[in-house]
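*Asks:* Numbering (our numbering), first residue to last: 65 to 458.
#1: Three-state secondary structure (DSSP) at residue 204?
#2: Beta carbon of residue 58, beta carbon of residue 411: below 8 Å?
#3: Suppose the cutoff is 6 Å on Cβ atoms and the five residues either side in sequence are ignored; what does the same chain contact list for residue 137 look like?
#4: I need the straight-line Cα distance from residue 133 to residue 283, nearest angstrom please.
#5: Assign residue 244 to one of two classes, buried (16 or more other C-beta atoms within 10 Å of its C-beta) or exposed (fewer than that).
#6: For the ligand GTP, any of its heavy atoms closer than 7 Å to the Cβ of residue 257?
#7: The alpha helix (DSSP H) spanning residue 171 covers which residue range?
#8: Keeping to the same chain, check which residues put their C-beta closer than 8 Å to that of residue 420; ignore five residues upstream and five downstream.
#9: For residue 143, which of helix, strand or coil comes out of DSSP?
#10: From the DSSP secondary-structure annotation, give me the bridge partner or partners of residue 328.
#11: Buried or exposed: residue 173, going by 16 or more other Cβ atoms within 10 Å of its Cβ?
#12: Run the CB neighbour count on residue 422, radius 10 Å, all protein chains shown included, and call it buried at 16 or more, exposed below.
#13: Just to confirm, are residue 247 and residue 454 a CB contact at a threshold of 8 Å?
#14: From the DSSP output, in three-state form, read off residue 96 for me.
#15: Per DSSP, residue 118 is paired with what?
#16: Since residue 102 and residue 80 should fall inside the 8 Å C-beta cutoff, what is the C-beta to C-beta distance between them, to a whole number of angstroms?
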């Protein structure tokens with residue numbers, strides 16, 4: 065005679081292998097994944113549906129504890145009026161399933177320390193806190209597609225790169241929750257075959273100067289470095305400094321203080337503002353200038369063919385194209401920088417605007433502003449350098 069299902073023993077639970085659902089009795093099951101992870105599930109009928117409720121991972125939750133929790137769930141269903149056991153167990157001191165934020169905090173505490181880059185660790189935490197807020201108080205086993213959409217829809221087209229990263233982080237957390245036995249079924253944050261059909265492709269903002277997405281800039285810079293000529297050096301210099309092509313192309317050695325790592329662009333070359341612009345030079349920018357300075361034969365930093373005059377636009381645009389710039393514009397890198405500063409750093413907006421030589425504030429405010437925040441801009445441009453050259457890669 066076969067034994068009844070609720071006689072499953074602790075030793076049998078420990079020895080269970082292979083992907084399967086072992087019935088314990090009364091709606092309680094032991095779920096065993098193909099990787100060997102085990103968790104407790106409670107299956108019940110509620111409002112015409114048959115949902116599953118996670119009761120925690122094994123061995124953190126023992127067989128005896130799982131039976132106790134299943135009994136609490138059955139009692140909720142049998143009460144008058146009947147209660148959804150997922151709600152009945154919510155808030156109980158021994159509740160088996162954490163909220164999304166509780167699980168995220170636990171996961172980040174255990175895993176973010178493995179990320180070598182401090183800025184990446186900060187971004188992980190800050191984006192979950194800011195953009196996954198609608199999920200914070202939900203039990204992690206109760207998160208559905210509509211909950212993920214409530215996070216993504218407001219920012220999907222407005223903050224393209226950030227939205228993609230937040231979605232990936234939510235998906236990773238929900239996968240981790242499933243591995244620990246807190247969830248079952250498909251991940252509601254998965255992209256292929258799911259959110260891709262609901263969110264669709266992100267609409268690129270219409271701009272006069274199509275900008276390369278900033279997360280593509282490091283690869284572009286790496287391809288530029290392989291060319292190793294004056295035109296590619298100027299192109300990289302434009303990206304690192306955020307200046308316009310005409311300003312960089314006409315730069316002279318008399319404008320650059322190599323010791324102070326500072327370039328002063330005269331007012332007559334500053335277009336609309338007609339104001340002198342001091343540009344702090346980052347480590348990578350200086351690395352481009354030093355060999356050019358050592359071999360200079362004339363006044364221009366980026367000389368033309370044969371060392372005569374200044375470089376024309378044609379070879380610069382060729383270097384830009386060879387490095388993968390087709391479909392974008394050189395001027396668009398100023399927008400790439402601005403997007404990166406706004407989405408990936410905590411630098412104030414006006415510091416980023418000043419780095420691009422934009423007029424900040426109204427005429428009265430500008431009249432009272434004494435300085436140009438050079439040192440703050442220097443820190444910002446070095447952070448941009450680190451990002452562009454892969455030193456701060458996630």
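Backbone N, C-alpha and C define an ideal beta-carbon position, used for all residues, glycine too.
*Replies:* Taking the coordinates as given:
#1: The count along the chain shown starts at 1 and reaches residue 204 at position 140. Helix, per DSSP.
#2: Not covered by the structure: residue 58. The range shown for the chain is 65 to 458.
#3: The residue labelled residue 137 in the question sits at position 73 within the chain shown. Result list for residue 137: 106 and 149, in chain order.
#4: Sequence index remark: in the chain shown, residue 133 carries index 69 (1-based). Sequence index remark: in the chain shown, residue 283 carries index 219 (1-based). Going by the C-alpha atoms only, they are around 52 Å apart.
#5: In the chain shown, the residue the question calls residue 244 occupies position 180. Burial call: buried.
#6: This structure lacks the ligand GTP, and indeed carries no ligand of any kind.
#7: In the chain shown, residue 171 corresponds to position 107, counting from 1. Here the alpha helix (DSSP H) through residue 171 covers 164–175.
#8: For this step, residue 420 is matched to residue 356 along the chain shown. Closer than 8 Å at the Cβ level, and outside the excluded window around residue 420, lie 306, 398, 401 and 402.
#9: On the chain shown, residue 143 is found 79 positions in, with the first residue counted as 1. If DSSP states are grouped into helix, strand and coil, residue 143 belongs with coil.
#10: Residue 328 sits at position 264 when you count from the first residue of the chain shown. Bridge partners of residue 328: 342.
#11: Taking the first residue of the chain shown as 1, we reach residue 173 at position 109. It counts as exposed.
#12: Taking the first residue of the chain shown as 1, we reach residue 422 at position 358. Classification of residue 422: exposed, given that the 10 Å Cβ count is below 16.
#13: Position 183 of the chain shown, counted from the first residue, corresponds to residue 247. Position 390 of the chain shown, counted from the first residue, corresponds to residue 454. Taking 8 Å as the Cβ cut-off, residue 247 and residue 454 do not qualify as a contacting pair.
#14: One-based indexing of the chain shown puts residue 96 at position 32. In this structure, residue 96 counts as strand in the three-state DSSP scheme.
#15: Looking up residue 118 in the chain shown gives position 54. Its beta-bridge partners are 105.
#16: In the chain shown, counting from the first residue as 1, residue 102 sits at position 38. In the chain shown, counting from the first residue as 1, residue 80 sits at position 16. Confirmed, about 7 Å.
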